[in-house]
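Working notes for the structure below.
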Amino acid sequence: MKLTVTAKLKLRHTPEQKQALDAVTLAYRDALNFTSEAAFKLEKTSSAPKIHKEVYPVLRERFGLGAQLACTVSRQVAATYKTQWTKLRQNLVAQETGRTKRRYRGLDVAPTFVSRTLEYQYQRDYSWKKGQQVSVGTLDGRIVLDYEGYQKHLKFIAEGAEMGAAKLYHQKSKKQYYLLVALNIELPDPQPTDHPNIVGVDVGQRYHFVATNNHNQTMFQAGGQARQYKDRFVRARKSLQRKGTRSATRRLVLLSGRERRFIADQNHTLAKKLLTRFPQSLIGLEDLAHIRERTEGRSTPAASPQAKSAQRRRSQWSFQELHAFIAYKAPLMGSMAVKIHANHTSQACPKCGHVSKANRPKAGLMFICEVCGKQGHSDLVAARNINLRTLLVRQDWMSTGALSVRPDVSYNEVKAAYAELRWSADTSL
Numbered sequence: 001m002k003l004t005v006t007a008k009l010k011l012r013h014t015p016e017q018k019q020a021l022d023a024v025t026l027a028y029r030d031a032l033n034f035t036s037e038a039a040f041k042l043e044k045t046s047s048a049p050k051i052h053k054e055v056y057p058v059l060r061e062r063f064g065l066g067a068q069l070a071c072t073v074s075r076q077v078a079a080t081y082k083t084q085w086t087k088l089r090q091n092l093v094a095q096e097t098g099r100t101k102r103r104y105r106g107l108d109v110a111p112t113f114v115s116r117t118l119e120y121q122y123q124r125d126y127s128w129k130k131g132q133q134v135s136v137g138t139l140d141g142r143i144v145l146d147y148e149g150y151q152k153h154l155k156f157i158a159e160g161a162e163m164g165a166a167k168l169y170h171q172k173s174k175k176q177y178y179l180l181v182a183l184n185i186e187l188p189d190p191q192p193t194d195h196p197n198i199v200g201v202d203v204g205q206r207y208h209f210v211a212t213n214n215h216n217q218t219m220f221q222a223g224g225q226a227r228q229y230k231d232r233f234v235r236a237r238k239s240l241q242r243k244g245t246r247s248a249t250r251r252l253v254l255l256s257g258r259e260r261r262f263i264a265d266q267n268h269t270l271a272k273k274l275l276t277r278f279p280q281s282l283i284g285l286e287d288l289a290h291i292r293e294r295t296e297g298r299s300t301p302a303a304s305p306q307a308k309s310a311q312r313r314r315s316q317w318s319f320q321e322l323h324a325f326i327a328y329k330a331p332l333m334g335s336m337a338v339k340i341h342a343n344h345t346s347q348a349c350p351k352c353g354h355v356s357k358a359n360r361p362k363a364g365l366m367f368i369c370e371v372c373g374k375q376g377h378s379d380l381v382a383a384r385n386i387n388l389r390t391l392l393v394r395q396d397w398m399s400t401g402a403l404s405v406r407p408d409v410s411y412n413e414v415k416a417a418y419a420e421l422r423w424s425a426d427t428s429l
């Protein structure tokens with residue numbers, strides 16, 4: 001099994017070296033925007049060869065990029081347009097099925113690149129040197145830089161982990177460059193016997209997550225403190241936006257980065273807590289693709305302050321990042337994460353299987369089954385249902401020898417199999 005992790009390396013550069021990095025990142029960004037405009041004129045094409053043929057000589061002569069960087073620009077722009085076309089097609093399907101009324105506008109104009117970030121290819125644009133140094137390409141040739149980073153990542157590099165592409169990233173607030181390197185780590189192939197525990201994880205806003213396993217052990221992670229912290233940022237942004245001065249604008253940029261880092265650090269911590277609490281587990285996560293299209297509405301001027309606040313909190317909900325951190329940390333800590341169908345996890349009774357919105361009176365915290373009278377915390381009920389569906393995945397894994405980390409059958413098939421699984425009548429919620 002191969003796992004890809006990203007090593008963030010802080011580059012130690014002299015003022016002269018920083019000027020060389022500034023020049024190549026700015027030229028690369030300008031080349032991306034030029035190529036994006038060219039692709040837009042070519043009927044918004046996502047064909048890398050077609051874009052490359054159109055712009056390659058200009059990228060070499062006007063922007064001074066090396067051959068490999070010029071090729072990378074074409075591929076990056078092509079990938080961006082391919083993503084935009086995919087989102088457009090998904091939006092059309094969502095409109096036809098009634099999931100949204102919004103029209104996707106990503107291809108109304110040519111995509112614009114703002115970040116001073118460029119992509120290096122291993123052995124062509126960057127390579128390692130002895131003494132914890134790295135050689136990277138600039139407009140005027142290679143320069144050699146010292147670097148530092150997380151000890152575990154440095155160990156992977158020293159042991160000769162398989163290298164992928166790297167990104168040279170400029171952090172404006174610190175005037176500092178970082179190299180983000182993709183490391184491919186070889187791990188033993190997972191086996192069902194290596195993961196005897198089944199864990200269902202329900203994510204939300206009131207609680208970051210509620211988890212339960214097949215031994216009736218539970219874990220609640222409240223989200224009140226984080227919500228208060230985010231509300232402080234909202235109040236600070238409002239105050240600075242009212243001032244409208246240059247210094248207020250600079251402060252807004254700093255606040256944005258601080259809030260983003262706080263959320264990422266929190267999700268890293270939560271993922272590690274979960275995996276430490278439930279070792280050697282097969283962890284079930286809900287497949288929440290397109291959930292924002294189904295749950296979020298436009299905020300109107302006539303909306304109440306409470307409605308606007310609820311809408312803001314939904315838009316700030318970073319469940320996908322938490323899922324991603326759990327998924328990539330799990331193999332490194334002896335577990336595995338899989339996605340399961342999210343349909344009706346908080347409305348289905350884990351005892352009798354009855355599904356109804358009325359099982360959650362007023363969509364509150366209490367779950368009361370209309371049929372069998374089973375009661376419990378609604379988020380814990382959802383986690384138990386996720387646990388049951390994850391158990392189905394493990395059973396299929398044991399019988400077929402193949403593990404599907406995403407739902408690959410219809411919900412009706414899952415529902416039919418799920419109907420045969422129930423917690424015993426004396427299970428306490």
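1 is the number of the first residue of the sequence shown in full-length UniProt numbering; add one for each residue after it. We treat Cβ as the ideally placed atom computed from N, Cα and C, and that holds for glycine. Model, not experiment: these values are computed from the prediction.
Nearest-angstrom beta carbon gap, residue j and residue i [assumed within contact, 8 Å]
i: Tyr147; j: Leu179; result: 7 Å
i: Tyr28; j: Leu118; result: 4 Å
i: Lys339; j: Gln347; result: Actually they do not touch by this definition, with Cβ atoms about 19 Å apart.
i: Ala382; j: Thr345; result: 4 Å
i: Ala342; j: Glu259; result: No, Ala342 and Glu259 are not in contact; Cβ-Cβ is about 27 Å, not under 8 Å.
i: Thr35; j: Val73; result: 5 Å
i: Asn214; j: Ile198; result: 5 Å
i: Pro190; j: Arg394; result: Incorrect: roughly 11 Å between the Cβ atoms, too far for contact.
i: Ala20; j: Ile143; result: 6 Å
i: His208; j: Gln228; result: 14 Å between Cβ atoms; not a contact.
i: Ala38; j: Arg75; result: Actually they are not in contact, since the Cβ atoms of Ala38 and Arg75 sit about 14 Å apart, beyond 8 Å.
Where the beta strand (DSSP E) through residue i begins and ends
i: Phe34; result: Here Phe34 belongs to no beta strand (DSSP E); instead the alpha helix (DSSP H) covers 15 to 41.
i: His170; result: 162 to 171
i: Leu11; result: 2 to 12
i: Cys270; result: Reading off the sequence, residue 270 comes out as Leu, not Cys. Not the beta strand (DSSP E): Leu270 falls in the alpha helix (DSSP H), residues 246 to 277.
i: Leu322; result: Leu322 -> not in any beta strand (DSSP E); alpha helix (DSSP H) instead, spanning 319 to 332.
i: Tyr122; result: Taken as a continuous stretch (DSSP letters only), Tyr122 belongs to no beta strand (DSSP E), as it is neither H nor E.
i: Asp146; result: 141 to 148
i: Phe113; result: It is not in any beta strand (DSSP E) - Phe113 carries neither H nor E in the DSSP assignment.
i: Gly364; result: Here Gly364 belongs to no beta strand (DSSP E), and DSSP marks it neither H nor E.
i: Val355; result: Unbroken run through Val355: none, as it is neither H nor E.
i: Val134; result: 133 to 138
i: Val371; result: No beta strand (DSSP E) holds Val371; DSSP gives it neither H nor E.
i: Lys339; result: 336 to 340
i: Ser281; result: 281 to 286
Nearest to residue i (by Cα), restricted to the options the options
i: Cys71; options: Tyr56, Thr83, Arg62, Thr80; result: Tyr56
i: Ser239; options: Gln228, Leu252, Lys230; result: Leu252
i: Phe113; options: Leu88, Ala31, Ala67, Ala158; result: Ala31
i: Lys174; options: Thr138, Arg12, Asp140; result: Arg12
i: Pro196; options: Leu3, Ser74, Ile283; result: Ile283
i: Thr25; options: Arg89, Leu69, Ala226, Asp189; result: Leu69
i: Leu187; options: Lys230, Ala383, Gly204, Pro331; result: Pro331
i: Pro279; options: Leu391, Lys2, Asp194, Ala402; result: Asp194
i: Tyr122; options: Trp85, Glu162, Leu255; result: Glu162
i: Ile185; options: Leu380, Met398, Thr4; result: Thr4
i: Asp231; options: Thr138, Ala94, Ile263; result: Ile263
i: Arg124; options: Ala165, Arg89, His153; result: Ala165
i: Leu168; options: Val134, Gly376, Gly98, Arg242; result: Val134
i: Lys329; options: Ala226, Leu274, Gly137, Gly98; result: Leu274
i: Arg206; options: Gly224, Thr212, Arg242, Gln176; result: Gly224
i: Met219; options: Leu380, Pro361, Ser247; result: Leu380
i: Trp85; options: Phe40, Asp202, Phe319, Gly244; result: Phe40
i: Asp108; options: Gln95, Val93, Leu88, Arg142; result: Leu88
i: Trp128; options: Phe233, Phe209, Lys172, Leu9; result: Leu9
i: Arg277; options: Ala402, Leu403, Ala38, Gly334; result: Gly334
i: Val201; options: Arg250, Gln90, Leu388; result: Leu388
i: Thr212; options: Thr400, Trp397, Thr390, Asp396; result: Thr390
Host alpha helix (DSSP H) of residue i (start-end)
i: His153; result: 151 to 158
i: Ala348; result: It is not in any alpha helix (DSSP H) - Ala348 carries neither H nor E in the DSSP assignment.
i: Ala383; result: 378 to 400
- prompt: Is there contact here, the segment 259 to 270 with the segment 322 to 338, by at least three beta-carbon pairs under 8 Å?
  reply: yes
query: If you pair each beta-carbon of the segment 345 to 357 with each one of the segment 371 to 384, do three or more pairs fall below 8 Å?
result: Using a C-beta cut-off of 8 Å, the segment 345 to 357 makes contact with the segment 371 to 384, since at least three inter-stretch Cβ pairs fall below that distance.
task: Pick out the complete beta strand (DSSP E) segments inside the segment 169 to 245, 3 residues or longer, and give them in chain order.
output: 176 to 186, 197 to 203, 207 to 213, 218 to 222
- prompt: Counting pairs of Cβ atoms below 8 Å between the segment 44 to 61 and the segment 81 to 91, do you hit three or more?
  reply: Output reads yes: the segment 81 to 91 touches the segment 44 to 61.
message: In chain order, what are the residue ranges of uninterrupted alpha helix (DSSP H) at least 4 long that sit wholly in the segment 40 to 111?
response: If only complete runs of 4 or more residues are kept, the segment 40 to 111 shows the alpha helix (DSSP H) at 48 to 61, 67 to 96, in order along the chain.
- request: Determine contact between the segment 96 to 114 and the segment 152 to 167, defined as no fewer than three beta-carbon pairs at a distance below 8 Å.
  value: no
- prompt: Given 8 Å as the limit, is there contact between the segment 58 to 67 and the segment 93 to 102, that is, 3 or more CB pairs closer than that?
  reply: No, the segment 58 to 67 is not in contact with the segment 93 to 102.
field: Three or more C-beta pairs below 8 Å linking the segment 229 to 247 and the segment 180 to 200
entry: no
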